[in-house]
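In our numbering, the protein residues as written are -1 to 119. Beta carbons are placed, not taken as given, at the ideal position from N, Cα and C, and that holds for glycine. The model shown is predicted, which means the values in this text are computed figures rather than measured ones.
What follows is the structure, encoded as structure tokens:
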């Protein structure tokens, strides 16, 4: 279920990104924002996918040696507490961090002087 939150964030990002990019293309007053809208949407999506892939790459080796059939782990074990919290809260934190970092990268790429010459339809 924790990765369901990531899928929900991806769905919301896709809808908002598509609507904002469409709005910047349709309304003439917003056309100068087209490079920002689509780059922030693209890099936000790339950031979300990369952050979740990194989280899965960290969790798979950490959880591969965990035996889940022997009952609950001892409550004082720090490793199991960290893994439990990472499994439950990690996808949400990774998704939000990946989107924010990706949007920042997209904004930086769109702010370069060479990208401000789009004339549009």
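{"Asked": "Among residues of its own chain, excluding the 5 on either side of residue 31, which ones have a beta-carbon nearer than 6 Å to its beta-carbon?", "Found": "22"}
{"Asked": "Quick check on the DSSP output: the alpha helix (DSSP H) that includes residue 83 runs from which residue to which?", "Found": "76 to 108"}
{"Asked": "Taking the CB atoms as reference points, tell me whether residue 35 and residue 62 lie closer together than 7 Å.", "Found": "no"}
{"Asked": "Taking C-beta to C-beta, are residue 37 and residue 108 nearer than 7 Å?", "Found": "yes"}
{"Asked": "Here's the rule I'm using: 16 or more other beta-carbon atoms within 10 Å means buried, otherwise exposed. How should residue 124 be labelled?", "Found": "Residue 124 cannot be examined here, being either before or after the span of the chain that is shown, -1 to 119."}
{"Asked": "Smallest Cα separation from residue 103: which of 59, 26 and 46?", "Found": "46"}
{"Asked": "Quick one: is residue 10 buried, meaning 16 or more other Cβ sit within 10 Å of its Cβ, or exposed?", "Found": "exposed"}
{"Asked": "Once DSSP output is grouped into helix, strand and coil, what is the label at residue 34?", "Found": "helix"}
{"Asked": "Please report the distance separating the alpha-carbon of residue 80 from that of residue 20.", "Found": "42 Å"}
{"Asked": "Using a threshold of 7 Å, state whether the C-beta atoms of residue 93 and residue 4 are closer than that.", "Found": "yes"}
{"Asked": "Among the candidates 0, 58 and 40, whose CA atom is the shortest distance from the CA of residue 13?", "Found": "40"}
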